[in-house]
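**Q**
Residue numbers (our numbering), protein chains in the order written: chain P, 52 to 212; chain L, 7 to 269.
#1: How would you list, in chain order, the residues of chain L whose beta-carbon sits under 8 angstroms from the beta-carbon of residue 202 (chain P)?
#2: Using a C-beta cutoff of 9 angstroms, does residue 123 (chain P) count as contacting chain L?
#3: What residues from chain P crowd round residue 104 (chain L), counting only those whose CB sits closer than 7 angstroms?
#4: In three-state DSSP terms, what is residue 171 (chain P)?
#5: Given this structure, state the Cα-to-Cα distance separating residue 212 (chain P) from residue 197 (chain P), to the nearest angstrom.
#6: Would you list, in sequence order, the uninterrupted beta strand (DSSP E) runs of no fewer than 3 residues that lie entirely inside the region 41-117 of chain L?
#7: Is there at least one Cβ from chain L nearer than 9 angstroms to residue 114 (chain P)'s Cβ?
#8: Keeping to the same chain, check which residues put their C-beta closer than 7 angstroms to that of residue 60 (chain P); ignore five residues upstream and five downstream.
#9: Any idea what DSSP makes of residue 176 (chain L), helix, strand or coil?
#10: Determine the direct distance from the alpha carbon of residue 82 (chain P) to that of residue 94 (chain L), and round the result to whole angstroms.
#11: State yes or no: is the beta carbon of residue 179 (chain L) nearer than 9 angstroms to at least one beta carbon in chain P?
#12: Quick check on the DSSP output: the beta strand (DSSP E) that includes residue 102 (chain P) runs from which residue to which?
#13: Would you check if the distance between the CB atom of residue 59 (chain L) and the CB atom of residue 81 (chain L) is smaller than 9 angstroms?
#14: Pop quiz: residue 136 (chain L) and residue 145 (chain L) are said to be a contact at Cβ under 8 angstroms. What is the actual Cβ separation, rounded to whole angstroms?
#15: Have a look at residue 158 (chain P) and residue 100 (chain P) and give me their C-alpha separation to the nearest angstrom.
#16: Hey, residue 115 (chain L) and residue 152 (chain L): beta-carbon distance below 9 angstroms or not?
#17: Would you please state the rounded distance, in angstroms, between the beta carbons of residue 262 (chain L) and residue 232 (chain L)? I believe it to be under 8 angstroms.
#18: If the criterion is Cβ atoms closer than 9 angstroms, does the pair residue 221 (chain L) and residue 214 (chain L) meet it?
#19: Hey, does residue 119 (chain P) have any beta-carbon neighbour from chain L nearer than 9 angstroms?
#20: Comparing the C-beta of residue 182 (chain L) with each C-beta of chain P, is any distance below 9 angstroms?
#21: Select from the region 25-44 of chain L all residues with a C-beta closer than 9 angstroms to any C-beta belonging to chain P, and list them in chain order.
#22: Which residue or residues does DSSP assign as beta-bridge partners of residue 68 (chain P)?
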């Protein structure tokens with residue numbers, strides 16, 4: 052066992068983990084932060100994307116020990132301080148960027164990483180960036196719309212409105 | 007996964023010492039090794055993480071104008087930091103896997119693994135790179151020795167890779183639609199003294215140089231120079247994604263596209 056200490060969503064946390072403990076398992080089982088989802092556990096689907104030192108990573112394909120000392124951000128830390136949805140989350144709601152919602156934590160975390168580096172991405176850039184995030188419900192169109200809208204760009208209104 | 011310990015040394019010397027244990031294995035970004043461990047295809051007693059070693063991180067310019075990449079540098083960093091100095095390498099690094107994978111996976115890890123469908127072996131062989139380890143320098147032509155086989159000895163660590171910068175280069179990848187690995191990928195680099203063409207994803211023996219194309223392109227660097235050439239299909243990979251004939255055909259098509267796109 053190894054002890055790890057890291058900052059998760061601004062709070063210092065620590066725990067004792069095995070070498071083989073995945074970051075996704077540490078978040079979900081030890082910290083009870085179950086917003087980070089495990090869809091495939093083979094680093095294909097992106098439901099487990101978190102930020103480690105500001106960079107998007109798949110938490111199912113990283114050991115908790117490797118995040119020792121790191122700044123970690125998960126979906127639980129994304130809302131505004133008053134508890135309201137942040138810009139990206141609100142855009143997902145407004146543009147129907149989710150159906151079952153299983154992929155959404157990873158989608159939001161990937162979107163946040165993209166917009167940090169590229170505040171006004173083109174639609175093609177959004178689609179390229181989401182290559183590692185799989186959604187089986189939406190067909191992606193509304194997710195892309197939501198991210199475009201979250202970046203302050205005009206997008207066509209959704210059919211439901 | 008079987009149980010193991012993880013060590014996180016901060017110097018190459020400490021990493022080499024930790025890897026002297028015969029049941030120890032190096033861990034780069036883990037984007038291949040962790041899935042392998044999950045399938046219980048490896049059973050190391052100790053993993054020695056190389057990503058915390060500062061002297062193996064980053065991109066810099068070498069004395070002879072090469073691009074020098076620390077062995078533990080991730081793909082995203084290579085893509086960003088070689089965009090001006092070596093666009094062909096930057097383009098290759100920037101299209102490996104997906105953004106989250108590129109933030110973890112490392113050049114040293116990819117070259118040490120030598121997956122027959124990995125992208126980096128094509129860049130290293132196509133550039134005539136030098137693979138630098140804790141003990142020696144290995145020319146790319148001597149380094150790749152077949153499927154998942156390299157010149158590395160047990161416990162040897164890739165500390166740096168030096169890429170001579172070509173006049174023009176491009177990597178053209180035909181992705182397998184589901185896995186996004188290269189079904190066939192071709193790296194073309196035009197140097198003052200010749201052209202190098204390295205092919206990944208196609209051969210049962212891993213990355214290789216297509217020397218006939220190199221000779222044709224040396225006198226006429228255009229896709230048309232490949233017209234009369236054929237790629238033998240006999241040692242090409244055949245699987246449900248494509249026959250050996252299909253891969254052989256793709257090698258020529260991808261080479262032509264890489265030549266046309268080279269900048």
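Note that CB positions come from ideal geometry on N, CA and C, so glycine has one too.
Predicted, not measured: the structure shown is a model, and the values here were computed from it.
**A** Per the coordinate set shown:
#1: Ordered by position in chain L, no residue passes the 8 angstroms Cβ test against residue 202 (chain P), which lies about 16 angstroms from the chain.
#2: no
#3: 182 and 183, listed in chain order.
#4: coil
#5: Note on residue 212 (chain P): pLDDT 48, under 50, position unreliable in the model; the coordinate value appears next. Looking at the two C-alpha atoms, the distance is approximately 14 angstroms.
#6: 52-55, 65-67 and 73-76
#7: yes
#8: Cβ within range, chain order: 124, 125, 127 and 128.
#9: strand
#10: 43 angstroms
#11: no
#12: Per DSSP, residue 102 (chain P) belongs to the beta strand (DSSP E) from 100-103.
#13: no
#14: 6 angstroms
#15: 8 angstroms
#16: no
#17: 5 angstroms
#18: no
#19: yes
#20: no
#21: 33, 35, 36, 37, 40, 41, 43 and 44
#22: P:53
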